[in-house]
Amino acid sequence: MQDFGHAFSLAFQLMWAADPDLMEIIGLSLRVSLTAMTISCAIALPIGAALGMIRFRGRGAAIILLNALMGLPPVVVGLCVYLMLSRAGPMGWLGLLYTPTAMIIAQSILITPIIAALSRQVIEDLHAEYAEQFRSMCVPTRTAIAALLWDARYSLLTVALAGFGRAVAEVGAVIIVGGNIDHLTRVMTTAIALETSKGDLSLALALGMVLLLIALVINAGVMAVRMTAARFAYA
Amino acid sequence: MLDVTTAYEHGPTVEATEQELSPVLPCEVRGLCFAAGGSPLIDKIDLTLGAGGVTMIMGPNGAGKSVFIRLLHGMLEPTAGEIHWGGRPLDEETRKRQAMVFQTPVLLRRSVEANIAFALRLHGEGGRARCAEMLEEAGLSNKSSQPARLLSGGERQRLAIARALAADPDVLFLDEPTASLDPASVQLIEEIVFSARDRGVKIIFITHDIGQARRLGDDVVFMHRGRIMERAPTPRFFDKPSSREAKDYLAGRIVL
Ligand SMILES: Nc1ncnc2c1ncn2[C@@H]1O[C@H](COP(=O)(O)OP(=O)(O)O)[C@@H](O)[C@H]1O
Ligand SMILES: [Mg+2]
């Protein structure tokens, strides 16, 4: 256990010195998860908006499915993406396995249902508020969707941040499709998992603290967004 | 069909009637019924609304006034009967020429100005000048960049009315727009309504305020239990109401 104190001081040194390896890992983590978040938003927000405001047959089932998909086990997503991208798989010819792109795909699949389900709730609530007024004004559906997305932007931003938080902290999927290759696909979570098992606690601890810090920043960001929105009565 | 004088059962009362003929007026209601949960809320209403002027709708709470104008505006589907606007069944084109201010208006979670701009853009207008003009008329110029949902009750109503008028409607429904407002706000709103009427907008105005009905109304439609008990030019309605229900209502003996 004297190892432990040593690891801590090493971790702080790494962070203090902005160790290039550490920075590379953090940078890749952020790049992969932010890209995944952006892609997921592009797919999930329209789905959430449609489910939130359009009544159609099977809508209830779709919502249940979406809510269930929120709990997708990352390793299962990783496995499926692996099967798709592996050399023998249907998309093997793309040669994406063990690249950051593969990790982006896996994380996008993981958080798209989360962003869709949460934004569905947000849009549905706002729609309940606006629907009658919009009907009275003969607002075309497209305009209505755009207006709902825009007016719910603060809440949707917190939804997107929730998705990012989940993506950046996830390990099961990216370790399968990324492989934790040094200087290529090594992100914070995979590094923590493998460095810990190898016994290199200092790097793992440093990364762990950075992850915690990111979680804190995200939550502070969510809170700030909420407070701003509340202050201006836009949410 | 378009003969305004006959459409107006009790004779013409406003000059605007003759000036502007909107393609959606007159409005003819025949045998209109609306039931929900097994009970009739609107019970065989027949009514003709001529072009122009201000028609006040009065009646005790729960008489069906709000439901009635919702039917006229196409927010509810009648269970029986017909509504024709300008000789045609109520359709999307007609609805676009109508605007409604609900009893509790819903404002967009945006600035005051953006609320007006949204309505203007729906009708292919986007000019900031027009927007400023509308805010000016509503007495909201100094609030234009404030969040709409932080306005006072009177300001909210004014914004809702300005937004409704931004659509340049031929018909404007107002559902108790001045209930629980202070006298200054009431007066401002009445001025806005007057100027809209002078531009030829047909106004259908629900109120419980007898003074207001006298000031604004060209005629009064009195409703009770989902029926129209009486329809008369304003002075006659208040001086010599013919139905017992209207007499009781005006005397403060609520009849539900
Ligand atoms: N969509 C609806 N479904 C069922 N009942 C309704 C509906 N809208 C209104 N009502 C009922 O119809 C009656 C008349 O309501 P309303 O038209 O709002 O009265 P008011 O004359 O005070 O405006 C009330 O008893 C109300 O509860
Ligand atoms: Mg009412």
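Chains U and A are the protein sequences, given in the same order.
With our numbering applied, the first sequence covers -19 to 215.
With our numbering applied, the second sequence covers 8 to 263.
Glycine included, C-beta positions come from ideal geometry on N, C-alpha and C.
Under 9 Å between C-beta atoms, does residue i make it to chain A?
i       : result
U:D105  : no
U:V139  : no
U:Y110  : yes
U:A195  : no
U:T176  : no
U:R115  : yes
U:T18   : no
U:T123  : yes
U:F(-8) : no
At the level of alpha carbons, what is the spacing between residue i and residue j?
i      : j      : result
U:C60  : U:D162 : 23 Å
U:V139 : A:D182 : 37 Å
U:G159 : U:K178 : 15 Å
A:V113 : A:A167 : 8 Å
U:A22  : A:G59  : 49 Å
U:L33  : A:R116 : First, the residue type needs correcting, since residue 33 of chain U is Met and not Leu in the sequence shown. Rounded to whole angstroms, U:M33 to A:R116 spans 17 Å at the Cα level.
A:A155 : A:G161 : 12 Å
A:S148 : U:I125 : 29 Å
U:H107 : U:M50  : 23 Å
U:P70  : U:S9   : 27 Å
U:G38  : U:I44  : 10 Å
A:I66  : A:E237 : Note on identity: in this sequence residue 66 of chain A is Gly, with Ile being the wrong assignment. Rounded to whole angstroms, A:G66 to A:E237 spans 10 Å at the Cα level.
A:P47  : U:A195 : 57 Å
A:P240 : A:D225 : 6 Å
A:V36  : A:I90  : 5 Å
Go ahead and pull the three-state DSSP assignment for residue i.
i        : result
A:L79    : helix
A:D216   : coil
U:R37    : coil
A:G59    : coil
A:V227   : strand
A:L181   : strand
U:D(-17) : helix
A:A43    : strand
A:Q26    : The pLDDT assigned to A:Q26 is 47, lower than 50, so where the model puts this residue is not dependable; a value taken from the coordinates is nonetheless given after this. DSSP places A:Q26 in helix when its eight states are reduced to three.
A:E197   : helix
A:S118   : strand
U:M168   : helix
A:L48    : strand
A:L9     : Because the pLDDT of A:L9 is 40, which lies under 50, any placement of that residue in the model is unreliable, and the number read from its coordinates should be weighed accordingly. In this structure, A:L9 counts as coil in the three-state DSSP scheme.
U:E175   : helix
Using beta carbons (cut-off 9 Å, strictly below), is residue i in contact with chain U?
i      : result
A:F41  : no
A:L129 : yes
A:A174 : yes
A:F109 : yes
A:F229 : no
A:E16  : Confidence at A:E16 is low in this model, with a pLDDT of 45, below 50, so its placement is unreliable and the value that follows should be read with caution. No, A:E16 does not count as interfacial toward chain U.
A:C34  : no
Given that residue i touches chain B, what residues does it touch there, using C-beta distances under 8 Å?
i      : result
U:C118 : Looking for chain B here will not work: the only protein chains present are U and A.
Does the distance between the C-beta of residue i and the nearest non-hydrogen atom of ligand 4 fall short of 8 Å?
i      : result
A:S151 : With respect to ligand 4, the structure offers nothing, as its ligand set consists of ligand 1 and ligand 2.
contact_flag[the segment 129 to 143 of chain U, the segment 101 to 110 of chain U] where n(CB pairs < 8 Å) is 3 or more | yes
Listed in chain order, which residues of the segment 137 to 169 of chain A have Cβ atoms closer than 7 Å to some Cβ of chain U?
-> P154, R156, L157
Pair every Cβ in the segment 164 to 179 of chain A with every Cβ in the segment 104 to 122 of chain A, then say whether three or more of these pairs are closer than 8 Å.
-> yes
Cβ contact check for the segment 103 to 123 of chain U and the segment 79 to 90 of chain U: 3 or more pairs under 8 Å | no
Given 8 Å as the limit, is there contact between the segment 201 to 214 of chain A and the segment 125 to 139 of chain A, that is, 3 or more CB pairs closer than that?
-> no
Does the segment 191 to 198 of chain A touch the segment 225 to 245 of chain A, meaning 3 or more C-beta pairs lie closer than 8 Å?
-> no
Inter-stretch contact at 8 Å, needing at least 3 Cβ pairs: the segment 137 to 153 of chain A / the segment 148 to 159 of chain U = Result no; under three Cβ-Cβ pairs closer than 8 Å.
Any contact of the segment 71 to 82 of chain A with the segment 180 to 194 of chain A, i.e. 3+ C-beta pairs under 8 Å?
-> yes
For the segment 70 to 88 of chain A, which residues have a beta carbon sitting closer than 8 Å to at least one beta carbon of chain U?
-> H80, M82
Evaluate contact between the segment 164 to 183 of chain U and the segment -10 to 10 of chain U, counting only Cβ atoms and requiring at least three cross-stretch pairs below 8 Å.
-> yes
Cβ-based contacts, 7 Å cut-off: residues of the segment 129 to 160 of chain U near chain A = D131
Contact between the segment 117 to 124 of chain A and the segment 34 to 53 of chain A (3+ Cβ pairs under 8 Å) | Contact annotation: the segment 117 to 124 of chain A does not touch the segment 34 to 53 of chain A, with fewer than three C-beta pairs closer than 8 Å.
Contact list for the segment 114 to 127 of chain A against chain U, Cβ threshold 8 Å = Going along the segment 114 to 127 of chain A in chain order, one finds L115, R116, R117, F125, A126 with a Cβ nearer than 8 Å to chain U.
Does the pairing of the segment 208 to 226 of chain A with the segment 184 to 196 of chain A give three or more beta-carbon distances under 8 Å?
-> yes
Contacting positions in the segment 30 to 61 of chain U - beta carbon closer than 9 Å to chain A = none
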